[in-house]
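Working notes for the structure below.
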Amino acid sequence: MSAQPQVSGKKQQDLQVQYSNFKNMLQQIAQKIGDIEQEAEEHNAACMGIASRHLASDDPAIASNVCRHRFRLVLETIEPLQEDRKCFRLINGVLVERTVKDIVPALKTNQDGLKKVLDDLVKNYKTKQDELDMWKKKNNVQVVQQ
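The sequence shown maps to residues 121 to 266 in our numbering.
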């Protein structure tokens with residue numbers, strides 16, 4: 121006889137539904153992180169490809185750090201320039217001409233906002249992942265195929 125108690129068909133089905141819900145939630149959060157990174161890409165450099173590879177390995181914190189680095193790189197490049205120097209910025213697919221004086225504050229504001237959103241999403245992702253791990257342990261769930 122088996123040492124582990126047998127789980128009824130209904131209970132097993134309920135556990136599968138709950139597990140699917142957890143995985144879907146994690147996937148949605150990861151998608152939101154990717155969307156925010158894509159938004160960040162419009163403001164600086166291409167960080168989405170690098171960050172998405174890290175997301176695929178279930179480490180969205182690295183993705184957030186990559187985007188922070190890219191913002192810092194752009195700001196460090198243009199801040200020393202003369203304030204009246206022309207620069208160009210892509211906004212919603214339209215290239216607009218501005219001055220360094222106009223762009224730096226806007227980039228800093230966008231950087232701060234995106235960093236906060238990314239940090240919140242990464243924190244949420246980790247919390248949900250921990251909840252899933254505790255749920256699996258509590259219900260003695262062992263995933264055969266992920």
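From the three backbone atoms N, C-alpha and C, an ideal C-beta is built for every residue, glycine too.
Remember, it's a predicted structure, so these values are computed and weren't measured experimentally.
Discussion item. Please report the straight-line C-alpha distance between D178 and Q202, rounded to a whole angstrom.
Written reply: With a pLDDT of 49 at D178, under the threshold of 50, the modelled position of that residue is not reliable, and the figure given next carries that caveat. Spanning the two alpha carbons is a distance of roughly 42 Å.
Practice prompt. Figure out for me which residue from V220, R192 and V216 has the closest Cα to the Cα of D232.
Written response: When C-alpha distances from D232 are compared across V220, R192 and V216, the shortest belongs to R192.
Discussion item. Can you give me the C-alpha to C-alpha distance between I153 and D250, rounded to a whole angstrom?
Written reply: Counting only the Cα atoms, D250 lies some 18 Å from I153.
Worksheet item: For V263, is the classification buried or exposed, using 16 other Cβ atoms within 10 angstroms of its Cβ as the cut-off for buried?
Response: Under this definition V263 is an exposed residue.
Discussion item. Among E217, Q148 and K143, whose alpha-carbon lies nearest the alpha-carbon of R205?
Written reply: Out of E217, Q148 and K143, the CA that lies nearest to the CA of R205 is found in E217.
Item to complete: Check whether the region 233 to 243 touches the region 142 to 157, taking contact to mean three or more Cβ pairs, one atom from each stretch, closer than 8 Å.
Response: Of all C-beta pairs linking the region 233 to 243 to the region 142 to 157, three or more are shorter than 8 Å, placing the two stretches in contact.
Discussion item. Would Y245 and L135 qualify as a contact pair, given that the criterion is a beta-carbon distance under 8 Å?
Written reply: Their beta carbons are not under 8 Å apart, which means Y245 does not touch L135 by this criterion.
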